[in-house]
Amino acid sequence: MSMCECWAVSLQFGIGMSTAAEDNLFCRQFRELTISRRGGLLVIQFQRWQRRTIYELMRALDAANADGDISIVVLSGEFAVGREGDCQPLALEQGPGREKRDEVEDRFIQQRAADFVMRSLAKKLLSCRKLLVAFVQGPCQGLGVTICCLCDLVYATEAAYFLLSLSHLHPCVEAGPSWSLPHIEVLLRLGERADARSALGSGFVASLAAGAQHFWTRMDQHSRLPTASLLATKRHLLRPWREQLLAQLRKESTPLAAQRRRLPSAKL
7 MSMCECWAVS LQFGIGMSTA AEDNLFCRQF RELTISRRGG LLVIQFQRWQ
57 RRTIYELMRA LDAANADGDI SIVVLSGEFA VGREGDCQPL ALEQGPGREK
107 RDEVEDRFIQ QRAADFVMRS LAKKLLSCRK LLVAFVQGPC QGLGVTICCL
157 CDLVYATEAA YFLLSLSHLH PCVEAGPSWS LPHIEVLLRL GERADARSAL
207 GSGFVASLAA GAQHFWTRMD QHSRLPTASL LATKRHLLRP WREQLLAQLR
257 KESTPLAAQR RRLPSAKL
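The sequence shown begins at 7 in our numbering and counts up one residue at a time.
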């Protein structure tokens, strides 16, 4: 049996991979993400954004859910998605021989694919059984904003800022699924660009960290708290909007919703 198969078996039966060698092997299986363990923390660092990045993120969240030794998952690294010159992470590559594909059809396929991936990612983030924390140290825009919206807590440094204009969001968010931005009323009040202190004042950011070392020290302390206390905190944070988001996700997944999304495109 290969080591990958061993990891799959351990997840299936809830067996934690406790040795440093096994943890290191698992972390090395990710190409677009940098994964590391810090005691009860699982740290997921974004390097660049491709479609594979999102699939790897969902796989890492599954692994965290199956590991009883992990109490907190921290998302860090690159949160600016879709900046000028960057490719859209959810875009499909057009295969050979399809140069003459109808523009309306192509757009519809792109939107369906992006929407499916976004729904899958949102469900993974909302169903994460660990305290899910985003740590933003620089620009955050596009899909990065959506991911922060779906986390339990967002921490930021003074250098962080959030580009909140709808023009910066991913096309599948522009189509209007309300679950993509559960805190959109907060974002609209902040304006097109918000610095860390403005985001803190609005409640979008939970706390400011003096620096990376300050943040990680706090996370190490939090990870030593009883797991039941952390989960109770998570339930309290999610209670106002989690069920509404999941209901909207289910609604957006129906064939009727897909047909409604296609109708405006057919008029182009």
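Glycine included, C-beta positions come from ideal geometry on N, C-alpha and C.
Using only CA atoms, which one of the options lies nearest to residue i?
{"i": "LEU81", "options": "PHE122, ALA119, VAL160", "result": "VAL160"}
{"i": "LEU255", "options": "PHE141, ALA66, GLY207, LEU131", "result": "LEU131"}
{"i": "LYS129", "options": "ARG118, GLU109, ILE153, CYS146", "result": "ILE153"}
{"i": "CYS146", "options": "SER133, LEU156, PHE168, LYS136", "result": "PHE168"}
{"i": "TRP222", "options": "THR233, PHE141, ASP201", "result": "PHE141"}
{"i": "GLN250", "options": "LEU156, ARG203, GLU109, ALA120", "result": "LEU156"}
Would you give the residue range spanned by the alpha helix (DSSP H) that residue i belongs to?
{"i": "ILE153", "result": "149 to 155"}
{"i": "SER78", "result": "In the sequence under discussion, the amino acid at residue 78 is Ile, which differs from the Ser named in the question. No alpha helix (DSSP H) holds ILE78; the beta strand (DSSP E) holding it covers 78 to 83."}
Buried or exposed: where does residue i fall if 16 or more other Cβ atoms within 10 Å of its Cβ makes it buried?
{"i": "THR59", "result": "buried"}
{"i": "GLN143", "result": "buried"}
{"i": "ARG125", "result": "buried"}
{"i": "GLY217", "result": "exposed"}
{"i": "GLY150", "result": "buried"}
{"i": "GLY74", "result": "exposed"}
{"i": "ALA238", "result": "exposed"}
{"i": "ALA253", "result": "exposed"}
For the beta strand (DSSP E) that contains residue i, what are its first and last residues?
{"i": "ALA140", "result": "137 to 142"}
{"i": "ASP201", "result": "199 to 201"}
{"i": "ALA70", "result": "Looking at the DSSP string, ALA70 is not in any beta strand (DSSP E); the run it does join, the alpha helix (DSSP H), is 57 to 72."}
{"i": "PHE52", "result": "47 to 52"}
{"i": "SER133", "result": "Segment: none, SER133 is in no beta strand (DSSP E) and carries neither H nor E."}
{"i": "ALA218", "result": "Counting along the chain, ALA218 falls outside any beta strand (DSSP E), though it belongs to the alpha helix (DSSP H) covering 218 to 229."}
{"i": "ARG44", "result": "39 to 44"}
{"i": "ALA162", "result": "159 to 163"}
What is the C-beta distance between residue i and residue j, in whole angstroms, given that I count them as a contact (C-beta under 8 Å)?
{"i": "ILE78", "j": "VAL139", "result": "6 Å"}
{"i": "GLY83", "j": "GLN53", "result": "6 Å"}
{"i": "VAL211", "j": "ALA162", "result": "5 Å"}
{"i": "ASP158", "j": "LYS257", "result": "Going by Cβ atoms, the distance from ASP158 to LYS257 rounds to 23 Å, so no, they are not a contact pair."}
Pull up the distance between the alpha-carbon of residue i and that of residue j, whole angstroms please.
{"i": "PHE36", "j": "TYR61", "result": "10 Å"}
{"i": "SER229", "j": "ASN71", "result": "15 Å"}
{"i": "GLY209", "j": "ARG118", "result": "32 Å"}
{"i": "LEU63", "j": "LEU39", "result": "8 Å"}
{"i": "LEU231", "j": "MET225", "result": "10 Å"}
{"i": "GLU164", "j": "LEU127", "result": "28 Å"}
{"i": "PHE122", "j": "LEU236", "result": "31 Å"}
{"i": "LEU137", "j": "GLY46", "result": "11 Å"}
{"i": "ILE76", "j": "ALA66", "result": "12 Å"}
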